[in-house]
């Protein structure tokens, strides 16, 4: 069967017109009704059925979140992934309405209890007989009807194309994929799973507890079938052979989603129906056994080692809040509500965690992974914790080297001068590394330089004596550009001036206040600039920046550049995570520098000061391999490279 899903009917629910406010429109009124009953009318919440339906629905969200978090812990699932292919942003976008099932089933339940459906009004909290009845009705009519409807959708080309094909556009399923259906299917499934509720009500044994039990049971079945992680051990079927007729495993349903296997394994939760219907895939338990034996782990050719930024950024990890990892990080007011969760996570990371895998990028001929040091940005500035941070970084370096990784790139504060001499400390401690260490900042310098306008004659530079500031200053000075270097340290400026060829040293000018730049319209910010500092910029100033976090855009009469970043080559795939605040398919320039180091097979360590004479070489190599700067304006570096045959013209500053 085809998998395009392009002709599927009613892909989204009718409430999608409300966009991000669908929960406010549909669920908030129910919450108000519960609050009114409890606060104004004085009714007990324990006897409020609507309250229990809302609570059960909230538990469903939490349950799926736990599944998503668990199945994205690479160290836990890496050897037992059913399908080893990577997910994509396209899949995340398609499945963004995964919670339609929860909303629709909640509305169905509210309608049943509000319309005086026989046996479903004034429900007791618990009835054990009702729970037994519920699951018997599920195992009987619900499973039977589901099996034949599901089978019919596959065997009828027209129905498959118009109704069910959308679900099968998900080639690498995850726990939310079970909810990725057309709205027609959601309505049919909701009606189908109403049978046990209605049956229990008709028999007079219904209770509020059956909503908790049955909804969570359905979610467990869906998550197990689509989690892509085979956690069910082989021995359980050897010890209890009949379980193969009763227990659905991740491999069982994953085969239904795999390649040409769509004509088998139709059952919802009880494989017995496939055995009886002749649609059981005979390779199921052989495949299950192979997956449980453990796959050989792919060794990353490149590792980008980063750290957490702020407490709220932890929610944007791929094991964080569902969907957050696929959108750029932004400070959102409602994330503050998660502080009771993020603070304990931070403390647990500080006490117990080791560097862990976060995401990956797949190229045509090599594999890159991003690893995270379990520390937050503010912790790098606490003196007593620095030795521990360096140990964590060194442990990650040693582990990657033992695995056979070619290049490891230190990101963000992991290469802070005050922490580990910009990474040189690790070369001293590990002199026999087979792997190359890289800071990636040679390419970062190239991005900063290329963002400047071709005709630039003078810039104002903050963070002027930093690693990047030094390289930018020397390169610009030797190409006829006057650099106003803001710093209070005259001695550090003097060191940089001495590194610059004598005939260009006059282009490096030490300044000590922002007021000294009040006539300069090109600012390059390598250090934070407060609104008070920015007021000295003349109208029309372009503020380029390589500072993290980026400065506040307070001047409406000025323009602000992007962070130093690059778009990945078109061949890059397999990523469904944004790199912190960057857009999809964009990485920090230092990350791109490490990827380039791997692509080119360079054998030197890129640590310590940035080699200014290699900036153009690295930039040209990046362009050849398909990297592109995010900020398409400027072009200073490109222009200088293409006109290198006439250096006197450049030195004179005539662009």
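Numbering (UniProt numbering), first residue to last: 1 to 655.
Cβ coordinates follow ideal geometry from the N, Cα and C atoms, glycine included.
No experiment lies behind these values; they were computed from the predicted model shown.
Rounded to whole angstroms, what's the CA-CA distance from residue i to residue j? Just pull it up for me.
i: residue 328; j: residue 583; result: 6 Å
i: residue 680; j: residue 486; result: Outside the displayed span of the chain (1 to 655) sits residue 680, for which this structure offers no information.
i: residue 106; j: residue 49; result: 12 Å
i: residue 214; j: residue 418; result: 56 Å
i: residue 110; j: residue 256; result: 34 Å
i: residue 373; j: residue 76; result: 17 Å
i: residue 464; j: residue 474; result: 10 Å
i: residue 575; j: residue 155; result: 34 Å
i: residue 343; j: residue 385; result: 18 Å
i: residue 24; j: residue 254; result: 35 Å
i: residue 39; j: residue 28; result: 16 Å
i: residue 438; j: residue 381; result: 22 Å
i: residue 205; j: residue 128; result: 8 Å
i: residue 481; j: residue 507; result: 6 Å
i: residue 558; j: residue 183; result: 48 Å
May I ask which residues mark the beginning and end of the beta strand (DSSP E) holding residue i?
i: residue 358; result: 356-362
i: residue 566; result: 565-567
i: residue 458; result: 458-462
i: residue 51; result: Careful: residue 51 lies outside any beta strand (DSSP E), inside the alpha helix (DSSP H) at 49-70.
i: residue 409; result: 407-410
i: residue 303; result: 302-307
i: residue 436; result: 436-438
So, with DSSP's three-state summary, where would you put residue i?
i: residue 522; result: strand
i: residue 339; result: helix
i: residue 541; result: coil
i: residue 12; result: coil
i: residue 87; result: coil
i: residue 453; result: strand
i: residue 629; result: strand
i: residue 81; result: strand
i: residue 442; result: helix
i: residue 383; result: helix
i: residue 28; result: helix
i: residue 122; result: coil
i: residue 327; result: coil
i: residue 390; result: helix
i: residue 349; result: helix
i: residue 466; result: coil
i: residue 472; result: helix
i: residue 318; result: coil
i: residue 73; result: coil
i: residue 398; result: helix
i: residue 297; result: coil
i: residue 135; result: helix
i: residue 433; result: coil
i: residue 281; result: coil
i: residue 376; result: coil
Taking 8 Å as the CB-CB limit, is residue i close to chain C?
i: residue 493; result: Reference to chain C is not applicable here, since this structure consists of a single protein chain.
How far does the alpha helix (DSSP H) with residue i in it reach, from first residue to last?
i: residue 619; result: 615-624
i: residue 639; result: 636-642
i: residue 372; result: Looking at the DSSP string, residue 372 is not in any alpha helix (DSSP H); the run it does join, the beta strand (DSSP E), is 367-373.
i: residue 286; result: 284-293
i: residue 112; result: 100-114
i: residue 425; result: 424-429
i: residue 43; result: That residue, residue 43, is in no alpha helix (DSSP H); it is neither H nor E in DSSP.
i: residue 127; result: Element bounds for residue 127: n/a, residue is neither H nor E.
i: residue 420; result: 417-420
### Message
Between the stretch 290-305 and the stretch 567-577, can you find at least three pairs of beta-carbon atoms closer than 8 Å?
### Response
no
Q | Secondary structure, alpha helix (DSSP H): runs of 4+ residues fully inside the UniProt domain "Fatty acid hydroxylase" (137-279) | A | 143-155, 183-192, 194-202, 209-226, 235-239, 250-257 and 272-277
Counting only runs that start and end within the stretch 475-539, where is the alpha helix (DSSP H) found for 4 or more residues in a row? 490-499 and 531-534
query = Should the stretch 498-518 be regarded as contacting the stretch 535-546, the criterion being three or more beta carbon pairs within less than 8 Å?
reply = yes
TODO: Answer yes if the stretch 103-122 comes into contact with the stretch 240-253, meaning at least three C-beta pairs across the two stretches below 8 Å, and no otherwise.
DONE: no
Review point. Touching or not, the stretch 552-563 and the stretch 274-283, by the rule of three or more beta carbon pairs under 8 Å?
Key: no
Length at least 3, wholly inside the stretch 539-613: the beta strand (DSSP E) runs in chain order = 542-545, 565-567 and 586-588
For the stretch 596-616 against the stretch 436-448, do three or more pairs of beta-carbon atoms, one drawn from each stretch, fall closer than 8 Å, so that the two count as touching?
yes
Item to check | Three CB pairs or more closer than 8 Å across the stretch 426-438 and the stretch 323-341 | outcome: no
### Query
Would you say the stretch 305-317 touches the stretch 371-391, given that touching needs at least three Cβ pairs under 8 Å?
yes
- Query: Should the stretch 223-239 be regarded as contacting the stretch 171-178, the criterion being three or more beta carbon pairs within less than 8 Å?
  - Reply: yes
Contact between the stretch 310-320 and the stretch 62-75: three or more CB pairs below 8 Å? yes
Would you call the stretch 587-601 in contact with the stretch 403-421, where contact means no fewer than 3 C-beta pairs closer than 8 Å? yes
message: Taking 8 Å as the cut-off, does the stretch 176-189 touch the stretch 130-139 (at least 3 CB pairs, one atom from each stretch)?
response: no
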